[in-house]
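Asker: Note that the sequence shown covers residues 302 to 653 in this note's numbering.
By construction, the Cβ of each residue, glycine as well, lies at the ideal position given by its N, Cα and C atoms.
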Amino acid sequence: MNNFIKFNILKIEKKIKKINSLLKKKNFYKNKKYFFIINKYKKLFKIKEYYNNWIKYLNELNSVKSLLNDPEFSTLAKNEIYKLKLLIKYYYKKLKYFFNFSSKNKNDSLNVYLEIHAGTGGNEASLFSYDLFKMYVKFSELMKWKVKLININTNSINGYKEILCHIIGKNVYKYLKFESGGHRVQRIPYTESQGRVHTSTCLVAVIPDIPNKNLPIINNEDIKIDTFRSSGAGGQHVNTTDSAVRLTHIPTGIIVECQQERSQHKNKSKALKILKSRIYNLEISKRNKKEYNNKKKLLGTGLRSDRNRTYNFIQNRVTDHRINFTVYSLNEIINGKLKLLIDPLLNYYNKK
Numbered sequence: 302m303n304n305f306i307k308f309n310i311l312k313i314e315k316k317i318k319k320i321n322s323l324l325k326k327k328n329f330y331k332n333k334k335y336f337f338i339i340n341k342y343k344k345l346f347k348i349k350e351y352y353n354n355w356i357k358y359l360n361e362l363n364s365v366k367s368l369l370n371d372p373e374f375s376t377l378a379k380n381e382i383y384k385l386k387l388l389i390k391y392y393y394k395k396l397k398y399f400f401n402f403s404s405k406n407k408n409d410s411l412n413v414y415l416e417i418h419a420g421t422g423g424n425e426a427s428l429f430s431y432d433l434f435k436m437y438v439k440f441s442e443l444m445k446w447k448v449k450l451i452n453i454n455t456n457s458i459n460g461y462k463e464i465l466c467h468i469i470g471k472n473v474y475k476y477l478k479f480e481s482g483g484h485r486v487q488r489i490p491y492t493e494s495q496g497r498v499h500t501s502t503c504l505v506a507v508i509p510d511i512p513n514k515n516l517p518i519i520n521n522e523d524i525k526i527d528t529f530r531s532s533g534a535g536g537q538h539v540n541t542t543d544s545a546v547r548l549t550h551i552p553t554g555i556i557v558e559c560q561q562e563r564s565q566h567k568n569k570s571k572a573l574k575i576l577k578s579r580i581y582n583l584e585i586s587k588r589n590k591k592e593y594n595n596k597k598k599l600l601g602t603g604l605r606s607d608r609n610r611t612y613n614f615i616q617n618r619v620t621d622h623r624i625n626f627t628v629y630s631l632n633e634i635i636n637g638k639l640k641l642l643i644d645p646l647l648n649y650y651n652k653k
């Protein structure tokens, strides 16, 4: 880890030097990229400051250790060593956090495709799927992100059997990457006349929107293409033309539907991009079994026992089972204040 930090600090020093030379240029402050570069400079300079302090206290520690054998200064040296070790740990933690974050989460800045599927629980699961989608939409609004609907499959009570959307903005994957998996709800359904609490599940998948240049090439022979009429809101074109597209990737069995656009060609293009992203994600999962073992790990099984979180409406409670974290603010979370759950998750995994 120490060599890794030193290697990256050398790169940071080069970037700082380059920025310093840019700032010296006449009228550079008029450049549109000026404020972006200044912000980047401040961040890099802060990391360099952490590194300098870390090295300084390491050197001081080595010097003070030499006094341990001196009876006159040994007690004083022990106290000083204790203080120095705390400082060294603090700055090392700062550096470790930054470099782990940068190296392990290269997709953090990407947009995402968010899928929600109703799992176990029938109509109640589809209604909770609808609630989850509204929660992510409200969170996106708070984060200044855009949400574009791609495909939706409703039932007779206006619940969502499945929904696929594209979320666009700054660091979307960073904040939503841990949402993949089973989400369990415990509440009294509106159809329940005897006040019994039901348990249902929904499955969430968050797929990073990988740039086209990094996506795999798919053979046309491996894709089955079906067209059908769009359903839901959309104007006069709905149910009049076969503009909606369903792509099935035969080797993996992955299916993508898109009916957002009026044009069949545009829907096919979007569906193909999503299909490639899913296949890419599947390939990554095979290489990194700890994070994404396979499609079942990404979407979960849909059983009641399979859950990342439990949303208990009776107790106004949300529990994230992965980090054993509970908060009694369900109403706020459902209304978009998802950072109450996301920040503890990010802090937990970044410290590992």
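Would you report the Cα separation of Asn360 and Asn380, rounded to the nearest angstrom?
Answerer: Locating residue 360 in the sequence shown gives position 59, counting from the first residue. Locating residue 380 in the sequence shown gives position 79, counting from the first residue. Near 16 Å, if we compare the C-alpha coordinates of Asn380 and Asn360.
Asker: What does a CB cutoff of less than 6 Å around Leu646 pick up in its chain, not counting 5 residues either side in sequence?
Answerer: One-based indexing of the sequence shown puts residue 646 at position 345. Excluding positions up to five away in sequence, the list reads Phe479.
Asker: Give the DSSP-derived three-state secondary structure of Leu415 in the structure shown.
Answerer: Counting from one through the sequence shown, the residue named residue 415 turns up at place 114. Note: Leu415 maps to strand in three-state DSSP.
Asker: Using only the alpha-carbon positions, how far apart do Gly423 and Ser501 sit?
Answerer: Along the sequence shown, one-based indexing puts residue 423 at 122. Along the sequence shown, one-based indexing puts residue 501 at 200. Straight-line Cα distance between these residues: approximately 8 Å.
Asker: Sort out for me which residues DSSP pairs Phe529 with in a bridge.
Answerer: The residue given as residue 529 occupies position 228 in the sequence shown. Beta-bridge pairing links Phe529 to Ala545.
Asker: May I ask which residues mark the beginning and end of the alpha helix (DSSP H) holding Tyr476?
Answerer: Against the sequence shown, residue 476 aligns to sequence position 175. It spans Val473 to Leu477 - the alpha helix (DSSP H) in which Tyr476 sits, taken as one unbroken run.
Asker: Starting from Lys445, follow the beta strand (DSSP E) in both directions and report where the run begins and ends.
Answerer: Looking up residue 445 in the sequence shown gives position 144. From DSSP, Lys445 is part of no beta strand (DSSP E); its letter is neither H nor E.
Asker: Taking Cβ positions, are His467 and Tyr431 nearer each other than 8 Å?
Answerer: Taking the first residue of the sequence shown as 1, we reach residue 467 at position 166. Taking the first residue of the sequence shown as 1, we reach residue 431 at position 130. No.
Asker: Of the residues Leu396, Gly554 and Thr455, which one's Cα is nearest the Cα of Phe308?
Answerer: Against the sequence shown, residue 308 aligns to sequence position 7. Closest by alpha carbon: Leu396.
Asker: May I ask you to report which of helix, strand or coil DSSP gives Glu558?
Answerer: Start at 1 with the first residue of the sequence shown, and residue 558 comes out as number 257. Correct three-state label for Glu558: strand.
Asker: Is Tyr351 helix, strand or coil when you go by DSSP?
Answerer: Reading the sequence shown from its first residue, position 50 is the one you call residue 351. Reduced to three states, the DSSP call for Tyr351 is helix.
Asker: Indicate the three-state DSSP secondary structure (helix, strand or coil) for Ser630 in the structure shown.
Answerer: Counted from its first residue, the sequence shown places residue 630 at position 329. Three-state DSSP puts Ser630 in coil, outside helix and strand.
Asker: So the candidates are Ile356, Asn582, Ile317 and Ile624; which of them puts its Cα closest to the Cα of Val507?
Answerer: Numbered from 1 along the sequence shown, position 206 holds the residue referred to as residue 507. Cα-wise, what sits closest to Val507 is Asn582.
Asker: Would you mind reading off the limits of the beta strand (DSSP E) that contains Gln487?
Answerer: What you label residue 487 is simply residue 186 of the sequence shown in a count that begins at 1. Note, Gln487: beta strand (DSSP E), Gly482 to Arg488.
Asker: Please go through the same chain and pick out, in chain order, the residues whose beta-carbon is closer than 8 Å to the beta-carbon of Lys435, but skip the five residues on each side of it.
Answerer: For the purposes of this step, residue 435 is identified with residue 134 of the sequence shown, where counting begins at 1. The answer, listed in chain order, is Ile635.
Asker: Restricting to Cα atoms, I'd like to know which of Lys347, Asn472 and Leu516 is closest to Leu576.
Answerer: Taking the first residue of the sequence shown as position 1, residue 576 is located at position 275. The option with the nearest alpha carbon to Leu576 is Leu516.
Asker: Within 10 Å of its beta-carbon, does Gln495 have 16 or more other beta-carbons around it, so buried, or fewer, so exposed?
Answerer: On the sequence shown, residue 495 is found 194 positions in, with the first residue counted as 1. Exposed, by the Cβ-count rule.
Asker: Is it right to say Asp510 is buried, meaning 16 or more other beta carbons lie within 10 angstroms of its own, or is it exposed?
Answerer: Within the sequence shown, residue 510 is the residue found at index 209, counting from 1. Buried, because 16 or more other Cβ atoms sit within 10 Å of the Cβ of Asp510.
Asker: How would you label His566, buried or exposed, when you count the other beta carbons within 10 angstroms and need 16 or more for buried?
Answerer: By 1-based counting over the sequence shown, the position of residue 566 is 265. The residue in question, His566, is exposed, as its Cβ has fewer than 16 Cβ neighbours within 10 Å.
Asker: DSSP beta-bridge partners for Thr553?
Answerer: Counting from one through the sequence shown, the residue named residue 553 turns up at place 252. In DSSP, Thr553 forms no bridge with anything.
Asker: Per DSSP, Arg563 forms a beta bridge with which residues?
Answerer: Here residue 563 is taken as the residue at index 262 of the sequence shown, counted from 1. The partner list for Arg563 (beta bridge, DSSP) is empty, contrary to what the question assumes.
Asker: Is the Cβ-Cβ distance between Thr611 and Arg485 less than 8 Å?
Answerer: For the purposes of this step, residue 611 is taken as the residue at position 310 of the sequence shown. For the purposes of this step, residue 485 is taken as the residue at position 184 of the sequence shown. Cβ distance < 8 Å, so Thr611 and Arg485 count as in contact.
Asker: Got a sec? Which residues, its chain only, sit under 7 Å from Asn279 by beta carbon, not counting five neighbours each side?
Answerer: Residue 279 lies beyond the stretch modelled for the chain, which goes from 302 to 653, so this question has no answer here.
Asker: What residue range is occupied by the uninterrupted beta strand (DSSP E) comprising Leu504?
Answerer: As a first step, residue 504 must be located in the sequence shown, where it is residue number 203. First-last of the beta strand (DSSP E) with Leu504: His499 to Pro509.
Asker: Taking 6 Å as the limit between beta carbons, can you name the residues of its chain near Lys475, skipping five residues before and five after?
Answerer: Mapped onto the sequence shown, residue 475 falls at position 174. The answer, listed in chain order, is Asp409.
Asker: How would you label Ser367, buried or exposed, when you count the other beta carbons within 10 angstroms and need 16 or more for buried?
Answerer: As a working mapping, residue 367 is identified with position 66 in the sequence shown. With fewer than 16 other Cβ atoms within 10 Å, it is exposed.
Asker: Take Asp580 as the anchor and find which of Lys344, Ile518 and Ser481 has the nearest alpha-carbon.
Answerer: On the sequence shown, residue 580 is found 279 positions in, with the first residue counted as 1. Looking at the sequence itself, residue 580 is Ile, so the reference to Asp does not match. Closest option to Ile580, Cα to Cα, is Ile518.
Asker: Can you grab the Cα-Cα spacing for the pair Thr421 / Tyr461, in whole Å?
Answerer: Start at 1 with the first residue of the sequence shown, and residue 421 comes out as number 120. Start at 1 with the first residue of the sequence shown, and residue 461 comes out as number 160. Taking the straight line joining both Cα atoms gives about 13 Å.
Asker: The beta strand (DSSP E) spanning His622 covers which residue range?
Answerer: Residue 622 sits at position 321 when you count from the first residue of the sequence shown. Taken as a continuous stretch (DSSP letters only), His622 belongs to no beta strand (DSSP E), as it is neither H nor E.
Asker: Judging by CA-CA distance, which residue of Ser630, Val628, Leu631 and Arg608 is the nearest neighbour of His622?
Answerer: Working through the sequence shown from its first residue, we reach residue 622 at position 321. Taking only the C-alpha atoms, the option nearest His622 is Arg608.
Asker: Measure from the alpha carbon of Ser578 to the alpha carbon of each residue in Asn568, Phe346, Gln560 and Ile555, then state which is nearest.
Answerer: As a position in the sequence shown, residue 578 is number 277, starting the count at 1. Of Asn568, Phe346, Gln560 and Ile555, the residue nearest in Cα terms is Ile555.
Asker: Which class does Leu369 belong to by DSSP, given the choice of helix, strand or coil?
Answerer: Reading the sequence shown from its first residue, position 68 is the one you call residue 369. In this structure, Leu369 counts as coil in the three-state DSSP scheme.
Asker: Helix, strand or coil for Leu387? Go by DSSP, reduced to three states.
Answerer: Position 86 of the sequence shown, counted from the start, is the residue given in the question as residue 387. The answer is helix: DSSP assigns Leu387 an H, G or I state.
Asker: Does the beta-carbon distance from Leu385 to Leu369 come in below 8 Å?
Answerer: Working through the sequence shown from its first residue, we reach residue 385 at position 84. Working through the sequence shown from its first residue, we reach residue 369 at position 68. Going by C-beta atoms, Leu385 is not nearer than 8 Å to Leu369.
Asker: Which partner residues does Thr611 have in the DSSP bridge list?
Answerer: On the sequence shown, residue 611 is found 310 positions in, with the first residue counted as 1. In DSSP, Thr611 forms a bridge with Arg485 and Thr620.
Asker: Assuming contact is defined by CB atoms lying nearer than 8 Å, are Val505 and Leu433 in contact in what I supplied?
Answerer: Translated into the one-based positions of the sequence shown, residue 505 becomes position 204. Translated into the one-based positions of the sequence shown, residue 433 becomes position 132. Yes, Cβ-Cβ distance for Val505 and Leu433 is below 8 Å.
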